[in-house]
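Visitor: Mapping to our numbering: the sequence shown position 13 is 125, numbers consecutive. Glycine residues also receive a C-beta, built at the ideal position from the N, C-alpha and C atoms.
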Amino acid sequence: MSDSAAFDSKQFRTVLGHFPTGVTIVTGMEDDTPVGFTIGSFTSVSLDPPMVGFLPQTNSATWAAMAPAGRFCVNVLSRDQVDLCWKFAKSDHDSSRFDGVAWRPGPTGSPIVERAVAWIDCEVEDVYEMGDHYFVLGRVVALEADANNDGDGPHPLLFFKGTLGGFAAEG
Ligand SMILES: Cc1cc2nc3c(=O)[nH]c(=O)nc-3n(C[C@H](O)[C@H](O)[C@H](O)COP(=O)(O)O)c2cc1C
């Protein structure tokens, strides 16, 4: 943080933590091994052409592992997948994150996590370095919402002030 800023990094984190986000697991393949990490910075970018993006840290081991394949899949977590959110956010990058996790390859080969409320499968279009993060821009190849729906409707997982919760419609 620059010396001239009127706030420190703790204040930055605290204030930005007041912006609620959805929770995703972004997956990819490192050769034949599935890799993935918990990502809240996922965003829709463009409808035509269809593009989305997310921001991994520049020192992320998981991004380094999946980047060579040039593909990724965004899995939007449901409120029943709190355990996956924390499991894929632990800082030891290795394939054990996928132990016990049901998944299948998407159209580009990146893992689709079973029972996610939506998945968006992408080819990497561009990667921009922005401070201590990259912005990874992906061109959407295929996507689906609520494919595993059991008739109860999709229930996304939300992240707010360091905690996880569900969504309740108010209007
Ligand atoms: C709810 C939530 C959202 C997160 N969003 C991001 C994000 O957008 N970008 C990022 O780099 N890390 C994010 N993280 C942290 C990563 O999941 C964590 O640093 C993970 O260890 C990264 O994997 P790696 O250490 O294998 O690179 C998030 C963690 C949580 C719990």
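(1) Below 8 Å on the Cβ atoms is my contact criterion, and I expect residue 256 with residue 214 to pass it. Report the Cβ-Cβ distance as a whole number of Å.
(2) Would you be able to state if there are at least three C-beta pairs under 8 Å between the segment 176 to 185 and the segment 140 to 151?
(3) For residue 228, count the other beta carbons within 10 Å of its own beta carbon; 16 or more makes it buried, fewer makes it exposed. Which is it?
(4) Taking the beta carbon of residue 200 as the centre, do at least 16 other beta carbons fall within 10 Å, making it buried, or is it exposed?
(5) Can we count residue 268 as close to ligand 1, meaning its CB is less than 7 Å from some heavy atom?
(6) Could you spell out the range, first to last residue, of the beta strand (DSSP E) harbouring residue 124?
(7) When DSSP labels each residue in this structure, what does residue 200 get in the three-state scheme?
(8) Looking at residue 164 and residue 155, is the spacing between their C-beta atoms short of 8 Å?
Guide: In this structure, then:
(1) The sequence position of residue 256 within the sequence shown is 144, counting from 1. The sequence position of residue 214 within the sequence shown is 102, counting from 1. Actually they are not in contact, since the Cβ atoms of residue 256 and residue 214 sit about 16 Å apart, beyond 8 Å.
(2) yes
(3) By 1-based counting over the sequence shown, the position of residue 228 is 116. The residue is buried, with at least 16 neighbouring Cβ atoms inside 10 Å.
(4) The residue given as residue 200 occupies position 88 in the sequence shown. So residue 200 counts as buried.
(5) As a position in the sequence shown, residue 268 is number 156, starting the count at 1. For ligand 1, not one heavy atom lies less than 7 Å from the Cβ of residue 268.
(6) For this step, residue 124 is matched to residue 12 along the sequence shown. Per DSSP, residue 124 belongs to no beta strand (DSSP E); it is in the alpha helix (DSSP H), 121 to 128.
(7) Here residue 200 corresponds to residue number 88 of the sequence shown, with the count starting at 1. Coil, per DSSP.
(8) Mapped onto the sequence shown, residue 155 falls at position 43. Mapped onto the sequence shown, residue 164 falls at position 52. Contact flag set, yes.
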